[in-house]
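Just so we're aligned, residue 5 is where the sequence shown starts under this note's numbering, counting upward by one.
One structure below.
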Amino acid sequence: MPRTEVEPYDVIVIGGGASGLAAALSAARAGAQTAVVERDVACGLPILSTGNGRCNLSNTLLHPGHYRHPEVARTVMGATPEEDLAAWFHSIGLATCREGNLLFPMSKRAESVRDALLAACEREGVELICCCEPVRATWRESSAVQEPRKAATAERAAWKLDVLAPTRPLRAHRARDAKAELRALRKALSVAPKRSHALFARTVVLAPGGSSEGVCQLFDLPHLEESPVLCPVSCTPLDDRGRAGADLLARLDGLRAEAELSLLRDGELVWRERGEVLFRSYGLSGVVTFNLSRRVETGDRIEVDLFPDTPEPALADAFRMRERVVGDMGPRAYRWFDGMLAPALGRAVILLGGGTREGCARAAKHLGFRANGRTETGVAQVKRGGIPFSAIDLSTLSVTHPSNAAAAGTLFACGEALDMDADCGGYNLAWAWISGTCAGRSAARATRS
């Protein structure tokens, strides 16, 4: 049973995702009576979809340059984040393995991460209150309460959280698999009658994930508009003179290629990275494009280099040598690149390069697109925005100037609730674990001050 007004929690964490569970576990380990308030039917569900179900936990090289605010990341994550996270994963019983610089659970299954977190929370006595949505937050000042025939007792200041929860346990028909069961439970939650009741906590950690606007309104906190990042980019093909191509992307739809992406703005290089590019009818996708999406602006030029290890003049020479083997290149020699490039991509290079060695070398090194903006945002891995760091004490992740000055030092935030995003490769989950641990530990300490 949730605690009553007479017996408040030390720490309530709003949100049971990766950062919220890390915060709750950290607070409980610091001796705080801790609860997680989660609006969904269970905690940790977003973890299950990370890394295509494999959960890329972190990266073995957590350089601050991969983050939106590098200096903030450097301050919050500390000097040895890789070692700190390795020790933390070990402390929750999670065995890990590496693929290059990427860190995964040894099982390569995201549910192993969720299971380890939930088991650790259970061992530490964290209470998980699911199907529960906060609708009002009020700071209550400390006061003296005189009960009949009892000495005066001091009531400590605390947050009162009014929450909506179902009036009875959810019931759903037995489903054929876990995903179907989850859908059934969520449907049952959406139609279940609900009532309001109050929870009380001396400190609160805000960990609502990438949809923090509602929680910020509850606590009257500043909030930067959220926008999806780490998603595909809508593009228009360009030829070597900057003119729009015809149906290039339609011909390339679904094709993958190892390449180097460059982002140019007003003729200046903004960013460059190698990786797998996925061509779609609307533009570009794939991990390297997701990273580009964090930096792109409408009107930017994107260039795909299909031969990143070969300079353009050397590539033209290589084409000349190849002509001795497969015959002359020409404006309609669409299969000339067979064995080097996928047929559709080879055809595109021939068309854009005019069938000449020099033209095709340039087209292959500078396959150009005009950026129209981010698209397919429903598959975005994170959101940009949330609580600005101007409102946060970086040493504790506490809100520095709450609307009620008396509540100073009682509100904390972590994960995507803060205006931080990073490249693909485990950097965003690393931020969730580390910021959650920091916020939870700080919240627990605040209850003793």
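All residues carry an ideal CB built from backbone N, CA and C; glycine is no exception.
Classification of residue i by the beta-carbon crowding that lies within 10 angstroms, buried from 16 upward
| i | result |
| --- | --- |
| TYR13 | buried |
| GLY20 | buried |
| GLY290 | buried |
| ASP304 | buried |
| CYS134 | buried |
| GLY35 | exposed |
| VAL502 | Absent from the model: residue 502. The displayed extent of the chain is 5 to 453, so no value can be given. |
| GLU42 | buried |
| ALA155 | At ALA155 the pLDDT is 37, less than 50, meaning the model places this residue with poor confidence; the figure from the coordinates comes in the next sentence. It counts as exposed. |
| HIS405 | exposed |
| SER216 | buried |
| VAL281 | buried |
| ASN56 | exposed |
| GLU11 | exposed |
| GLY104 | exposed |
| HIS94 | exposed |
| VAL329 | exposed |
| GLN37 | buried |
| GLN150 | Any reading at GLN150 needs caution, since the residue's pLDDT is 35, under 50, leaving its predicted position unreliable; the model's value is listed next. It counts as exposed. |
| THR84 | exposed |
| ARG102 | exposed |
| MET424 | buried |
| PRO50 | buried |
| ARG72 | buried |
| LEU345 | buried |
| ILE74 | The sequence shown places Pro at residue 74, not Ile. So PRO74 ends up on the exposed side. |
| VAL383 | exposed |
| VAL219 | buried |
| ALA409 | exposed |
| ARG127 | exposed |
| GLY331 | exposed |
| ALA411 | buried |
| ARG361 | buried |
Beta-carbon gap between residue i and residue j smaller than 7 Å
| i | j | result |
| --- | --- | --- |
| GLU229 | GLY389 | yes |
| SER23 | ALA448 | no |
| LEU256 | PHE283 | yes |
| SER62 | GLY419 | no |
| VAL130 | ALA32 | yes |
| LEU319 | ALA365 | yes |
| VAL139 | ASP166 | yes |
| ARG374 | LEU242 | yes |
| SER453 | THR400 | no |
| GLY444 | SER30 | yes |
| VAL45 | VAL17 | no |
| SER285 | ALA254 | yes |
| PHE223 | ALA162 | no |
| THR54 | ALA114 | yes |
| CYS239 | LEU203 | no |
| GLY48 | LEU121 | yes |
| ILE438 | MET81 | yes |
| LEU450 | THR207 | For the sequence presented, residue 450 should be read as Ala rather than Leu. It is a contact, given that the beta carbons lie within the stated cut-off. |
| LYS164 | ARG144 | yes |
| ASN295 | GLU316 | no |
| VAL76 | PHE393 | yes |
| ARG299 | LEU267 | yes |
Cβ separation of residue i and residue j, assumed to be a contact under 8 Å, to the nearest whole Å
| i | j | result |
| --- | --- | --- |
| CYS428 | LEU234 | 6 Å |
| VAL386 | GLY258 | Going by Cβ atoms, the distance from VAL386 to GLY258 rounds to 25 Å, so no, they are not a contact pair. |
| LEU459 | GLU137 | Limits of the chain in this structure are 5 at one end and 453 at the other, which puts residue 459 out of reach. |
| ILE391 | HIS227 | 6 Å |
| ALA434 | LEU106 | ALA434 to LEU106, Cβ: 11 Å. No contact. |
| ARG175 | ALA192 | 6 Å |
| THR293 | PRO236 | 6 Å |
| GLY440 | ALA26 | 3 Å |
| ALA368 | HIS70 | Rounded, the Cβ-Cβ distance is 29 Å, inconsistent with contact. |
| GLU301 | ARG269 | 7 Å |
| ALA28 | CYS125 | 6 Å |
| LEU225 | VAL403 | 6 Å |
Within-7 Å CB hit, residue i to chain E
| i | result |
| --- | --- |
| GLY129 | As a matter of chain content, chain E is missing from the structure shown, which is built from one protein chain. |
>> For the stretch 251-268 against the stretch 402-420, do three or more pairs of beta-carbon atoms, one drawn from each stretch, fall closer than 8 Å, so that the two count as touching?
In response: no
> Which full runs of the alpha helix (DSSP H) of 4+ residues lie inside the stretch 356-419, going along the chain?
Replying inline: 361-369
> What are the start and end residues of each continuous beta strand (DSSP E) run of 3 or more residues lying completely inside the stretch 208-252, in chain order?
Replying inline: 228-233 and 237-242
> In chain order, which continuous runs of the beta strand (DSSP E) of length 3 or greater are located wholly inside the stretch 31-64?
Replying inline: As summarised for the stretch 31-64, the continuous beta strand (DSSP E) elements at least 3 residues long and confined to that stretch are 38-41, given in chain order.
>> Whether or not the stretch 324-339 and the stretch 354-362 are in contact is what I'm after, with contact meaning three or more pairs of Cβ atoms, one per stretch, closer than 8 Å; do they touch?
In response: yes
>> Would you call the stretch 197-204 in contact with the stretch 169-180, where contact means no fewer than 3 C-beta pairs closer than 8 Å?
In response: yes
> Curious, which full-length alpha helix (DSSP H) runs of at least 4 residues does the stretch 245-321 contain?
Replying inline: 252-256 and 291-297
> Where in the stretch 58-111 do unbroken runs of the beta strand (DSSP E), each at least 3 residues long, occur, reported from the N-terminal end onward?
Replying inline: Counting only runs of 3 or more, we get 100-103 and 106-109.
>> In chain order, what are the residue ranges of uninterrupted beta strand (DSSP E) at least 3 long that sit wholly in the stretch 124-197?
In response: 131-133, 137-144, 147-149, 157-159 and 162-170
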